[in-house]
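Contents: one structure, followed by commentary.
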Amino acid sequence: MPIKTKLNNDMLATLTAGAQVLEEDSLGPKVYRLADGNFLKLFRRKRLISSALFVPYSDRFWLNAVRLKELGIATLTPLELYRLEDSSLSAVLYSPLQGKTLKDIYLDEPDAFGKHLPILSDFIRTLHRRGIYFRSLHLGNIVLTPEGSLGLIDIADLSFQRRPLSKAKARRNLAHFTRLLENLGLAEQFPLAALTSAVLKD
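The opening residue of the sequence shown carries number 11 in the working numbering; numbering runs sequentially from there.
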């Protein structure tokens, strides 16, 4: 792990001056696009006692990016880890994965998305073969890069196994994918049966 840089409130305000807030909740901004094109993601420990007290989500985010790259999976590039004045907060500065999310691609042309199913099913099968279990696997977290390959973003909620995922665990991972489609109101029209069949084939 790299050494964490202390980021006080004044420094945070300077860093995010002119930034675009991409994601926020009732407690404030969560993801900024900075003026230089890099992203700053803030993580909040929601409970006083939790595993995040010992391994902050920002650390997991960083380590997951490193491990994905070691496994040959395209993802964002972490640049710096920060400690903030509020001890419940931590942050990561990173360079984004260039490309377009499959969610945006699907919403732009839902009827034409079938052409992306082979690469998507192969990609998910590759993740499962390499022991990658991603609870937040959904169209908004999969990016089609300019080179035509797929990669992952928003990777804090991800774990690695020593062996390929079992069929049962692969099905559970696809259940997460399905539930997130349902949350977006896209499950009925998305070619989910074809994707599931392709991912789980022998």
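Every residue, glycine too, gets a C-beta built ideally from N, C-alpha and C.
Three-way DSSP call (helix, strand, coil) for residue i in this model
| i | result |
| --- | --- |
| residue 23 | helix |
| residue 133 | helix |
| residue 35 | strand |
| residue 196 | coil |
| residue 203 | helix |
| residue 209 | helix |
| residue 102 | strand |
| residue 155 | coil |
| residue 41 | strand |
| residue 150 | helix |
| residue 61 | Model confidence at residue 61 stands at a pLDDT of 48, short of 50, so the residue's coordinates are unreliable and nothing is read from them. |
| residue 174 | coil |
| residue 107 | coil |
| residue 28 | coil |
| residue 161 | strand |
Member of the options whose CA lies at the smallest distance from the CA of residue i
| i | options | result |
| --- | --- | --- |
| residue 22 | 210, 166, 102 and 193 | 102 |
| residue 146 | 179, 24 and 162 | 162 |
| residue 129 | 74, 155, 43 and 18 | 155 |
| residue 173 | 137, 192, 160 and 186 | 137 |
| residue 143 | 111, 124, 121 and 167 | 167 |
| residue 200 | 119, 91 and 25 | 119 |
| residue 7 | 94, 150 and 96 | The requested residue 7 does not occur in the structure, where the chain is confined to residues 11 to 212. |
| residue 97 | 159, 121, 52 and 125 | 52 |
| residue 153 | 178, 112 and 124 | 112 |
Pairwise C-alpha distance: residue j and residue i
| i | j | result |
| --- | --- | --- |
| residue 37 | residue 134 | 33 Å |
| residue 67 | residue 195 | 29 Å |
| residue 127 | residue 55 | 37 Å |
| residue 171 | residue 141 | 5 Å |
| residue 27 | residue 17 | 14 Å |
| residue 31 | residue 40 | 8 Å |
| residue 107 | residue 89 | 13 Å |
| residue 60 | residue 35 | Here the model assigns residue 60 a pLDDT of 45, short of 50, so the residue's position is not dependable and the matter cannot be decided. |
| residue 203 | residue 186 | 14 Å |
| residue 110 | residue 79 | 19 Å |
| residue 50 | residue 188 | 29 Å |
| residue 63 | residue 193 | In this predicted model, residue 63 has a pLDDT of only 46, less than 50, meaning its place in the structure is not dependable; the value taken from the coordinates is given anyway. When rounded, the distance between both Cα atoms is 30 Å. |
| residue 70 | residue 206 | 29 Å |
Bridge-paired residues (DSSP) for residue i
| i | result |
| --- | --- |
| residue 83 | BP columns for residue 83 are empty, so no partner. |
| residue 144 | 168 |
| residue 92 | 15 and 101 |
| residue 54 | 99 |
Rounded distance between the beta-carbons of residue j and residue i, thought under 8 Å
| i | j | result |
| --- | --- | --- |
| residue 86 | residue 105 | 6 Å |
| residue 165 | residue 75 | 6 Å |
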